[in-house]
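Asker:
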Amino acid sequence: MDGKLRELLDISENDFDVVVRITREEDIAIARQMAKQLAQELGFSLADVTKVATAVSELARNIYRYAQTGKIMIRKRLEESGGPTIQVVAADRGPGIESVDRVLARGYTTHERSLGIGLPGVRRLMDFCEIASKVGTGTVVRVEKRRRKF
1 MDGKLRELLD ISENDFDVVV RITREEDIAI ARQMAKQLAQ ELGFSLADVT KVATAVSELA
61 RNIYRYAQTG KIMIRKRLEE SGGPTIQVVA ADRGPGIESV DRVLARGYTT HERSLGIGLP
121 GVRRLMDFCE IASKVGTGTV VRVEKRRRKF
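In terms of the UniProt record's numbering, the numbers along the sequence shown are unbroken and rise by one, the last being 150.
Spelled out as structure tokens, the structure:
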């Protein structure tokens, strides 16, 4: 896990279409809007645009709430087999997550005004979700959503 976390934390911003640094609460809305715009450009359905935007909002809020600073990186990918995909990487060098499994349990929260749907909700909204974290080092969440064919 430590090697994977280092690899993800050191991922190059240059490989992404959009990078939003999360340092203020307002940055959450900016990240959400940028994700929404990219999903619309790729022809995602309204439902899937909303899912992508909501997932990015949750990831950005977690960065702001628990790490104070970090970044949301978003890129469009054209997969030969599955068509357009949006990939989002949320990275911070905050306190890390002691137990990813526990955090992914429905209803778990460390914030008193939270519904505890953050990361479990993100995982349900997206087609792929990978989380790497180490206490004292930081957390990286990588998620993807493929455009569905209708």
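Glycine included, every Cβ here is placed at the ideal spot set by N, Cα and C.
1. When the Cα of Val89 is compared with those of Gly136, Ala47, Gly43 and Glu58, which residue comes out closest?
2. Among all the DSSP beta bridges, which residues are the ones paired with Glu98?
3. Starting from residue 185, trace the beta strand (DSSP E) both ways and give me its first and last residue.
4. For the putative contact between Gln87 and Glu144, defined by C-beta atoms under 8 Å, what is the C-beta separation to the nearest angstrom?
5. Out of curiosity, what's the CA-to-CA distance linking Val18 and Arg65?
6. Comparing alpha-carbon positions, which option in Ile22, Asp15, Val103 and Thr139 lies nearest Arg75?
7. Applying the criterion that 16 or more other CB atoms from any shown protein chain within 10 Å of the CB defines a buried residue, is residue 152 buried or exposed?
8. How about Val141 and Leu119: do their beta carbons lie closer than 9 Å?
Answerer: Per the coordinate set shown:
1. Answer by Cα proximity: Glu58.
2. In DSSP, Glu98 forms no bridge with anything.
3. Residue 185 falls outside the range modelled here, since the chain spans only 1 to 150, and no answer is possible.
4. 5 Å
5. 21 Å
6. Asp15
7. Examination of residue 152 is not possible in this model, given that the chain is present from 1 through 150 alone.
8. yes
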